[in-house]
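Take the sequence shown: its letters are residues 8 to 374, numbered as in my numbering.
Built from N, CA and C at the ideal position, the CB exists for glycine as well.
Owing to the predicted nature of the structure, the values given are computational and were not obtained by experimental measurement.
Data first, discussion second: the structure below is written as structure tokens.
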Amino acid sequence: MTRARDLGIGARWGPSGTYNAITDVPGVRVGHKTLIRGDSVRTGVTVVVPRQGTAIWQDPVFAASHTLNGNGEFTGLEWIREGGLLETPIALTNTHSVGVVRDALVAHQTAQRGPDEEYWALPVVAETWDGRLNDVNGQHVTAEDLRDAIDAAAGGPVEEGNVGGGTGMIAHGFKGGIGTASRVVDDGEGAYTVGVLVQANHGTRDRFSVDGVPIGPETADIPLPGVPGVAPGPGRLPDGSGSIIGVIATDAPLLPAQCRRLAQRAGLGVGRLGGVGEHWSGDIFLAFATGNSGLAGAYGASDVAEIAIRMLPNRRISQLFAAVVDATEEAILNAILAARTMVGRDGFVAPALPADRLRSILAAVAR
8 MTRARDLGIG ARWGPSGTYN AITDVPGVRV GHKTLIRGDS VRTGVTVVVP
58 RQGTAIWQDP VFAASHTLNG NGEFTGLEWI REGGLLETPI ALTNTHSVGV
108 VRDALVAHQT AQRGPDEEYW ALPVVAETWD GRLNDVNGQH VTAEDLRDAI
158 DAAAGGPVEE GNVGGGTGMI AHGFKGGIGT ASRVVDDGEG AYTVGVLVQA
208 NHGTRDRFSV DGVPIGPETA DIPLPGVPGV APGPGRLPDG SGSIIGVIAT
258 DAPLLPAQCR RLAQRAGLGV GRLGGVGEHW SGDIFLAFAT GNSGLAGAYG
308 ASDVAEIAIR MLPNRRISQL FAAVVDATEE AILNAILAAR TMVGRDGFVA
358 PALPADRLRS ILAAVAR
């Protein structure tokens, strides 16, 4: 599988972690369940687990979100905005499967806690719309699929492209999907890792650029997504009517307000490639920081009088901002480069962007 760095893209990018993935942040794991069946099922679910184990409420992490454009859904964010803590795995799926995935996360937590414990759960589930390649109205993702994705969650390399929640997604007029990247930053006072995972289903080809090079005009011979030989029907949403979800993780000791500032910077990475947060796009980002532990008592446990926390001084946070921008840009490119041409519902085709083609375009400009 070719990734962006294999093409020499992004000379400004700093060093990545071992796997150049969100899993380079210690304890973070990713799992997929991919559904490809018959001619019209092209979907799935992806899970990001912030810490070792899945009982995140026992050791929650500080977190915050940012919305670039809100034509989308990301459940559980209201309580994260209010309380500043993430205490469930994060699941990514298609628009019409948010409900079943959310309910499955509640059931998963119930099984861990036991039926007699009094508690409440507000799971964190995000979506992008895969209705061109997938029978999205068929709601094919099941509770078992969510459990399988959680069981598959692991550290190390992360599969990208046509997998999990990204199976039926399209980005910048090419097949899109799941992508990830990481950065290791060290200012001499300490080193931290920042990882980003995206579900890329956004953008238009005419605005798509890589390292400042417009890609659309150079790929005019590659058909735009559609049914070969058939003009788009009435009522079809315009190109770019997708969304992008970004999950940002870091092991730096950040407070919720600082996590929110990291989440904001993901939008700059989207913009570098030509994404503008179109009206029909849901561009929502969630950042969490694992650098503090022992936060479970923050919700009011009676035996906790005070909680000691660590905080990175704001004078050191700009290095993390840059890491988020760069890693988001690279994660989107990795999603597109890893994806393969897919034929889906009603013969709809989403073409891949061949890595060799992108390499030759950039090389021609360099000359």
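Check: Return the CA-CA distance between R317 and R323, expressed in angstroms with no decimal places.; Outcome: 14 Å
Check: Looking at the unbroken alpha helix (DSSP H) that takes in A28, where does it start and where does it end?; Outcome: Looking at the DSSP string, A28 is not in any alpha helix (DSSP H), and its letter there is neither H nor E.
Check: With a Cβ-Cβ cutoff of 8 Å, do A156 and V52 count as a contact?; Outcome: yes
Check: Going by CA-CA distance only, name the one from A303, F295, G351 and S325 that's closest to P57.; Outcome: F295
Check: Whose C-alpha, out of T102, T117, N76 and N101, is nearest the C-alpha of T95?; Outcome: T117
Check: At a cut of 8 Å, does the region 189-204 reach the region 168-175 through at least three beta carbon pairs?; Outcome: no
Check: Which same chain residues, not among the five before or five after L340, have their C-beta less than 6 Å away from its C-beta?; Outcome: A11
Check: Closest by CA to L92, which one among G301, I43 and A371?; Outcome: G301
Check: Rounded to a whole number of angstroms, what is the C-alpha to C-alpha distance between N141 and G354?; Outcome: 11 Å
Check: According to DSSP, is S104 helix, strand or coil?; Outcome: helix
Check: Less than 6 Å between C-beta atoms, sequence neighbours within five positions excluded: which residues of the same chain meet that for R36?; Outcome: V56, A160, A161 and G162
Check: Considering only the alpha carbon of each residue, which of D123, F328, G184 and W127 lies closest to L112?; Outcome: W127
Check: Where do the ends of the alpha helix (DSSP H) carrying A11 lie?; Outcome: From DSSP, A11 is part of no alpha helix (DSSP H); its letter is neither H nor E.
Check: Answer yes or no: do S23 and A133 have a C-beta to C-beta separation smaller than 8 Å?; Outcome: no
Check: Return the chain-ordered ranges of every beta strand (DSSP E) run that is complete within the region 58-112 and spans a minimum of 3 residues.; Outcome: 68-77 and 97-101
Check: Between G152 and R44, what straight-line distance do the alpha-carbon atoms span, to the nearest angstrom?; Outcome: This sequence places Asp at residue 152; Gly is not what is there. Near 14 Å, if we compare the C-alpha coordinates of R44 and D152.
Check: Return the CA-CA distance between L261 and P320, expressed in angstroms with no decimal places.; Outcome: 9 Å
Check: Where do the N-terminal and C-terminal ends of the alpha helix (DSSP H) with Q206 fall, by residue?; Outcome: Q206 -> not in any alpha helix (DSSP H); beta strand (DSSP E) instead, spanning A198 to N208.
Check: Label N27 either buried or exposed according to how many other C-beta atoms from any shown protein chain fall within 10 Å of its C-beta, with 16 as the threshold for buried.; Outcome: buried
Check: Under 8 Å by Cβ, that's how I've got Q146 and H103 pegged, so tell me the actual separation to the nearest angstrom.; Outcome: 5 Å
Check: Around the C-beta of V311, are 16 or more other C-beta atoms found within 10 angstroms, so that it is buried, or is it exposed?; Outcome: exposed
Check: Pick out whichever of I97, G106, S47 and F215 has its Cα sitting closest to the Cα of V131.; Outcome: I97
Check: Decide if G138 is buried, meaning its Cβ has at least 16 other Cβ atoms within 10 Å, or exposed.; Outcome: buried
Check: Name the two residues that bound the continuous beta strand (DSSP E) containing A294.; Outcome: G289 to A296
Check: Are A273 and F292 closer than 8 Å when you measure CB to CB?; Outcome: yes
Check: Starting from the Cα of I368, find the closest Cα among A238, I87 and F215 and give me that residue.; Outcome: F215
Check: Comparing alpha-carbon positions, which option in A370, P358 and R352 lies nearest V48?; Outcome: R352
Check: What does DSSP give as the partner residues of S250 in its beta bridges?; Outcome: N208 and G289
Check: Unbroken beta strand (DSSP E) runs of length 3 or more, entirely within the region 150-198: which are they?; Outcome: 184-193
Check: Closer than 6 Å by C-beta to G289: which residues in its own chain qualify, once you throw out the five before and the five after it? Chain order, please.; Outcome: N78, G79 and S250
Check: Let's see if you can read the secondary structure: which residues bound the alpha helix (DSSP H) around A330?; Outcome: S325 to A345
Check: Could you compute how far the alpha carbon of V108 sits from the alpha carbon of V148?; Outcome: 8 Å
Check: Out of T25, P358 and T9, which one is the CA nearest neighbour of P230?; Outcome: P358
Check: For T226, which three-state DSSP category applies?; Outcome: helix
Check: With a CB to CB cut of under 8 Å and the five nearest residues on each side skipped, what residues in its chain are close to R267?; Outcome: A71, S72, H73 and A294
Check: When the Cα of D158 is compared with those of D363, N101, V54 and I314, which residue comes out closest?; Outcome: V54
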